[in-house]
Amino acid sequence: MGTASSLVSPAGGEVIEDTYGAGGGEACEIPVEVKPKARLLRSSFRRGAAAAAAGAGPGSLPRGAGGGGLLGASFKSTGSSVPELEYAAAEYERLKKEYEIFRVSKNQELLSMGRREAKLDTENKRLRAELQALQKTYQKILREKESALEAKYQAMERAATFEHDRDKVKRQFKIFRETKENEIQDLLRAKRELESKLQRLQAQGIQVFDPGESDSDDNCTDVTAAGTQCEYWTGGALGSEPSIGSMIQLQQSFRGPEFAHSSIDVEGPFANVNRDDWDVAVASLLQVTPLFSHSLWSNTVRCYLIYTDETQPEVDLFLKDYSPKLKRMCETMGYFFHAIYFPIDLENQYLAVRKWEIEKSSLVILFIHLTLPSLLLEDCEEAFLKNPEGKPRLIYRRLEDGKVSSNSIQQLIDQVSNLNKTNKAKIIDHSGDPTEGVYKIYIYVEKIIKQDILGFENTDMETKDLGSEDSIPEEDDFGDVLWDIHDEQEQMETFQQASNSAHELGFDKYYQRLNDLVAAPAPIPPLLVSGGPGSGKSLLLSKWIQLQQKNSPNTLILSHFVGRPMSTSSEPSLIIKRLTLKLMQHSWSVSALTLDPAKLLEEFPRWLEKLSARHQGSIIIIIDSIDQVQQVEKHMKWLIDPLPVNVRVIVSVNVETCPPAWRLWPTLHLDPLNPKDAKSIIIAECRSMDIKLSKEQEKKLERHCRSATTCNALYVTLFGKVMARAGRAGNLDKILHQCFQCQDTISLYRLALRSIQESLANDMDKELMKQILCLINVSHNGVSESELMELYPELSWAVLTSLIHSLHKMCLLTYGCGLLKFQHLQAWETVRLEYMEDPTIISSYRQKLINYFTMQLSRDRVTWRSTDELPWLFQQQGSKQKLHDCLLNLFVSQNLYKRGHFADLLSYWQFVGKDKSAMAAEYFDSLKQHEKNWEGEENMICLADLYETLGRFLRDLGLLSQAVVPLQRSLEIRETALDPDHPRVAQSLHQLASVYVQWKKFGNAEQLYKQALEIAENAYGAEHPHIARELEALATLYQKQNKYEQAEHFRKKSFKIRQKATRRKGNSYGFALLRRRALQLEELTLGKDTPDNARTLNELGVLYYLQNNLETADQFLKRSLEMRERVLGPDHPDCAQSLNNLAALCNEKKQYDKAEELYERALDIRRRALAPDHPSLAYTVKHLAILYKKMISLLFFRGNLTKLYLCMS
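With the numbering used here applied, the sequence shown closes on residue 1218, and no number is skipped along the way.
So, in structure tokens, the structure goes:
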């Protein structure tokens, strides 16, 4: 670097000459490196001296001396001298010193910087250590702060809980104190009344009796004015046996066998039934579920057709033209209609199935002409001659001139004609065109269904679309409580099915524990009835309920039986709403009920406290299989709250799925059956089918039934069913061996399922059985028979009913609310394991149901079935878009909302991903679109109903501002399409006003309520229940504004109207219940003359009196008297009871002379049959005296009237 060698040509080593300088060949170099000046000079001197000493010629340059040559050339050209060199040397020294000074200073600076760096590093480490310590301190303080906040929140929660519990305890203590004070006052008042009555009796010359020495056959019990139960009844106006006490128990005053009320003597004995308490009596009917036949409580009208070859045309015509009409009529009222028939060429192939169908049928129609085949004789005898329940029967006989019916037909007609008139067998003789005869049948069948089966008074009902609000009673349109009657029917049927057991399972030892719970002092937590699946929990609870209703009629029992998971009966909001409605019905309140599940949880304990303060006995709440409820601990948290002192709660759970927090409650565990009991149940089942086991088989059976699973109640019952079926088929040993290999209920169910499948005639029937079971398995609540017939057109009634009969006998299927369901959860699991292990199979069967119900919607058939199943199936399939489209079908949403399935509707929209506001907007847009496409008055009325439903739905959601718009639109449409003074306009005004009340816009609400009141008064009159509703709404409105005087004024007017209405007829729902109850009791009296039937007739007289149907009451009381006279003799005390009731009835009808005669007859019987000091004798004397007092007052009034007339003359 820095030498001339860098300028030599690589090829020849030539020096590059400077062509810009003078001659002499001077080289020009551009140095690459510039060295320090002193070093450069020393190098130049040494190289120049070396060159001179060598004496080199002028033309040569040494190799490697490029630098010297260059420097020499420079000196030569500049003419350098010695002074200059000295100067350069001096300069060099100076620079060297400066350099040394600079180097030393910089080295010192570097050392100083190193020391500073080390010092800073040390400081940095110290600061880092301090920072870490501060961070640790900060984290510690932060944790302490969070702990303090958490402790604060916990303390606040504990304080809130304490305040809540303290308020509850204060309320309960207040209720308890007021109740005891009232009881004390009632006892004191009763004591005074008894003392005064005792004085009156002594004044009348009647001896004072000792209650302990009475041997009354009337089972009398004394009841004071306040309802305090003693041992004898003080008065006997309308008598009945104790069963009527269990049927109608009043909350404010317990009605005894003769419905006496000792505080009312002046008005006459029949006024003892306080009609102001009518609704309370009706509400009490809701508690008792009598065990009647399936057809009475079923949701299905089953019409069984019997016909011959000669009447085949009439049957075909009936099935083609009139069966669909009857089906639509029943669908409109929420019932199924099945026209069931068997081919006539089957001889006795389905004999047992036909007999089973006749037992289940609501109505049997016999089509005959001239002959009756012998294979149908047994069916006819079963249907018409062996009809113990007196179900409606109809015989159509086609007559033909010149032809005589066979002896068998004539004999059957004579036998039916000679039956009791109440047998309800109608004979239609028709000659002429068969079409006219079938039309006659249709008219009679329609009337029978409406009057006798469904219990409707008005038979002129027209079939209406379900989407039309005309199909709903107008009374319900004003109500704010929306209820699905199918849920109640399902509970009634579930209770009956749970109660049906052919064998006692040794539950007596558990009854006492349940009784102890009721008698235990409060407060106590709920009682947990636990056991394995199929251990008999439902059976135990249902049997105990029956015993309580029989032995403790003053105990109010509210029960709910939960079905399989994901069914309607397991939805927590519906359970709470149903129980709350039961409490409201027993309180007979007209208050609105919220549909918000969260608010329902808050309102239920309040209603429980309210009713417990009024009820004169215990209140027991029973929830069976509560562990099947979705999110049970969240939705049933009221169970752990303090309950009123007279309330007890019993819940049953599966021991494996019981919530952990509940295991600390008092528990009644159901143990497995002992081996001897299990063996005896199986042997009894076999003997019922005339099958006898050998001793060896019995020993094997006893050895088998020793484990907990093989001694399970359901396992033992199913084992007996399988054995009985195998014995009939003749392969007992084979099935017994297979049963011994089944160690649990599921495996035994699978064996039963396979045995049924193997017994079917062909592969098609086997496949149909599989598909039917799978469809029922994937459905929400079950599948009806009519739906199966539509899903499988090739299926005949003979095959379907035979299959259902077999599955029912083996405890696989049962009926619930007209639907086919699985009897037990284990049966449902068995079908899943046997046929549906692949998820794609489940999805395919769901899709089949989806297609079916979607087709129904496309035909505008919006039934309760399609709205129950279709949205749920879409949700299970995960089809959000299809579910969204289904919910936007306004009739689907309307049906769900009006039946009270508010929580279901919300859950579907949440699954779709829409909030409340988006849901409201979509509904409103859909309604706007409908409004553009619909024309005509009928469509506009329907549109107004949809707008009103949307407004009520949004009001329940709390979207008050958005609820006003559809309600106003509904009002506008009704004013335009109907009339401004139409009652439906008043309905719209009422609903719109209710929104303004919640919105606290009381001025607007008051104006709308007054308009609705004016329209209702013009439409119905001043004393209609609708007027009372508007007055009650105004009273509530004024009370919210603290205008108590105006509120009291309207409330009094409302009460007077309601009082008159209840005396005239009673609440329509309660009236329908009583009519249904009366019909059921009437069915029980159609057998032989027995004391029980006579007592039931007496109860019917009571019920018809409560309906203000005095003529019908008179008929039943007379029938009761006649039957008692025939069975017991005319001098029996029960006859005196009937005479006493008839006398009271005549007294009510102001037929005093006849009443006097009947009272004297009753008094004569009791004088001869009873002891002189018997209380019943005093009853009759007392009421006869009251009657005389009335007659004297009447004579006195007539005498004064005569004197007044003479004076005026």
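Virtual Cβ for every residue (Gly too), placed ideally from N, Cα, C.
Terminal residues of the alpha helix (DSSP H) in which residue i lies
{"i": "PHE1125", "result": "1119-1136"}
{"i": "SER383", "result": "383-389"}
{"i": "ASN1156", "result": "1142-1157"}
{"i": "ARG1227", "result": "For the chain, the structure presents residues 10 to 1218; residue 1227 sits outside this window and is missing."}
{"i": "HIS746", "result": "741-749"}
{"i": "ALA717", "result": "No alpha helix (DSSP H) holds ALA717; DSSP gives it neither H nor E."}
{"i": "TYR917", "result": "911-921"}
{"i": "ILE353", "result": "No alpha helix (DSSP H) contains ILE353, which DSSP labels as neither H nor E."}
Nearest-angstrom beta carbon gap, residue j and residue i [assumed within contact, 8 Å]
{"i": "LEU828", "j": "ILE859", "result": "At roughly 17 Å, the Cβ-Cβ gap does not stay under 8 Å, so LEU828 and ILE859 are not in contact."}
{"i": "CYS1144", "j": "LEU1130", "result": "6 Å"}
{"i": "THR823", "j": "VAL362", "result": "Contact doesn't hold; Cβ gap of about 16 Å is too wide."}
{"i": "ALA1180", "j": "TYR1168", "result": "Between TYR1168 and ALA1180 the Cβ distance is about 19 Å, and since that is not below 8 Å, they are no contact."}
{"i": "THR839", "j": "TYR906", "result": "Not confirmed; about 36 Å, so no contact."}
{"i": "LYS730", "j": "CYS820", "result": "6 Å"}
{"i": "HIS569", "j": "GLN500", "result": "7 Å"}
Candidates the options: closest to residue i by CA position
{"i": "ILE458", "options": "PHE1125, CYS312 and ASN771", "result": "CYS312"}
{"i": "LYS591", "options": "LEU769, LEU620, SER578 and THR603", "result": "LEU620"}
{"i": "VAL974", "options": "LEU936, SER121 and GLU947", "result": "LEU936"}
{"i": "LEU549", "options": "PRO397, TYR520 and GLY541", "result": "TYR520"}
{"i": "LEU526", "options": "LEU537, PHE516 and ARG855", "result": "LEU537"}
{"i": "GLN919", "options": "THR1045, HIS939, LEU892 and LYS907", "result": "LEU892"}
{"i": "ASP774", "options": "LYS369, LEU812, TYR1029 and GLY1030", "result": "LEU812"}
{"i": "LEU617", "options": "THR863, ASN771 and ARG587", "result": "ARG587"}
{"i": "CYS751", "options": "ARG734, SER716, ILE781 and MET778", "result": "SER716"}
{"i": "GLY967", "options": "LEU1046, SER926 and ALA986", "result": "SER926"}
{"i": "GLY909", "options": "THR958, LEU866 and GLN884", "result": "THR958"}
{"i": "ASP325", "options": "TYR448, ASN1150 and LEU1046", "result": "TYR448"}
{"i": "TRP989", "options": "ALA138, TYR108 and ALA1028", "result": "The displayed chain sequence assigns Pro, not Trp, to residue 989. The shortest C-alpha separation from PRO989 is found at ALA1028."}
{"i": "ILE1174", "options": "VAL1190, TYR405 and ASP423", "result": "VAL1190"}
{"i": "HIS347", "options": "LYS134, MET798, HIS495 and PRO534", "result": "MET798"}
Beta-carbon proximity of residue i to residue j, cut-off 8 Å
{"i": "GLU707", "j": "LYS688", "result": "yes"}
{"i": "PHE1011", "j": "GLN971", "result": "no"}
{"i": "MET342", "j": "LEU203", "result": "no"}
{"i": "ASN683", "j": "GLY626", "result": "no"}
{"i": "ALA1103", "j": "ARG1060", "result": "no"}
{"i": "SER788", "j": "GLU846", "result": "no"}
{"i": "GLN498", "j": "CYS826", "result": "yes"}
Counted within 10 angstroms of its Cβ, other Cβ atoms place residue i as buried (16 or more) or exposed
{"i": "VAL113", "result": "exposed"}
{"i": "GLN594", "result": "buried"}
{"i": "LEU1203", "result": "exposed"}
{"i": "TYR854", "result": "buried"}
{"i": "TRP943", "result": "exposed"}
{"i": "ALA1122", "result": "buried"}
{"i": "GLU794", "result": "buried"}
{"i": "ASN786", "result": "buried"}
{"i": "ALA1171", "result": "buried"}
{"i": "ARG1135", "result": "exposed"}
{"i": "ALA670", "result": "exposed"}
{"i": "PHE862", "result": "buried"}
Chain C within 8 Å of residue i, Cβ atoms only
{"i": "GLU1120", "result": "Of the chains in the structure shown, none is chain C; there is only one protein chain."}
Span of the beta strand (DSSP E), counted from its first residue to its last, around residue i
{"i": "ASN898", "result": "It is not in any beta strand (DSSP E) - ASN898 carries neither H nor E in the DSSP assignment."}
{"i": "ILE692", "result": "No beta strand (DSSP E) contains ILE692, which is instead part of the alpha helix (DSSP H) from 684-697."}
{"i": "ARG657", "result": "656-663"}
{"i": "HIS569", "result": "565-570"}
{"i": "GLY825", "result": "822-825"}
{"i": "ASP633", "result": "628-633"}
{"i": "LYS435", "result": "434-440"}
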